[in-house]
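All remarks here apply to the structure that follows.
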Amino acid sequence: MNCCRIADLRHKEVVNIKDGTCLGCVNDVEIDTCNAKLVAIVIYGKLKCFGLFGRQDDIVIRWEDIEVVGEDTILVCHTVRCNKKRRNRFWNSLFSN
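Here our numbering is used: position 76 in the sequence shown is 132, and no number is missing along the way.
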């Protein structure tokens, strides 16, 4: 049985096996303290314009969606939600007729 510490997960790259995209590295984990089980891993969203406009939504991957935890990578089966582009109300109100 291979063992892996939570601190070691931070250095592993997460790859989606559905489309082969690299989602990023593990930034945080969710733990069920009652049962002492790992519930999910969290990948922080990418920065928008060097962080000036915030960041994208975080990616939370449930433990059930993790297929393989390897030495360098974690393979997951994750469906990425497509967010509709939000219209910037400020710019629309500024240039409206």
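Ideal Cβ placement from N, Cα and C applies to all residues, glycine included. This one's a predicted model, so the numbers in the text were calculated from it and none came from an experiment.
Beta-carbon proximity check, residue i vs residue j, cutoff 8 Å
| i | j | result |
| --- | --- | --- |
| Val70 | Val132 | yes |
| Gly154 | Asp88 | Because the chain here runs from 57 to 153, residue 154 falls outside it and cannot be looked at. |
| Ala42 | Ile117 | Lying before the first or after the last residue shown, residue 42 is absent from the chain, which here runs from 57 to 153. |
Same chain, Cβ closer than 7 Å to residue i, neighbours up to 5 away in sequence not counted
| i | result |
| --- | --- |
| Asp128 | Lys68 and Glu69 |
| Gln112 | Gly101, Lys102 and Lys104 |
| Gly110 | Lys104 |
Buried versus exposed call for residue i [16 or more other C-beta atoms within 10 Å across all chains shown]
| i | result |
| --- | --- |
| Val124 | exposed |
| Ile73 | exposed |
| Ile62 | exposed |
Contacting residues, own chain, Cβ-Cβ under 8 Å from residue i (five flanking each side not counted)
| i | result |
| --- | --- |
| Cys81 | Arg66, His67, Lys68, Glu69, Val70 and Ile99 |
| Lys140 | Note that Lys140 has pLDDT 49, beneath the 50 cutoff, so the model's placement of it is unreliable and the number below is only indicative. Excluding positions up to five away in sequence, the list is empty. |
| Asp121 | Val132, Cys133 and His134 |
Residue i - DSSP class collapsed to helix/strand/coil
| i | result |
| --- | --- |
| Asp75 | coil |
| Glu123 | strand |
| Asp64 | helix |
Nonlocal neighbours in the same chain, by C-beta distance under 6 Å from residue i, ignoring five residues either side
| i | result |
| --- | --- |
| Cys105 | none |
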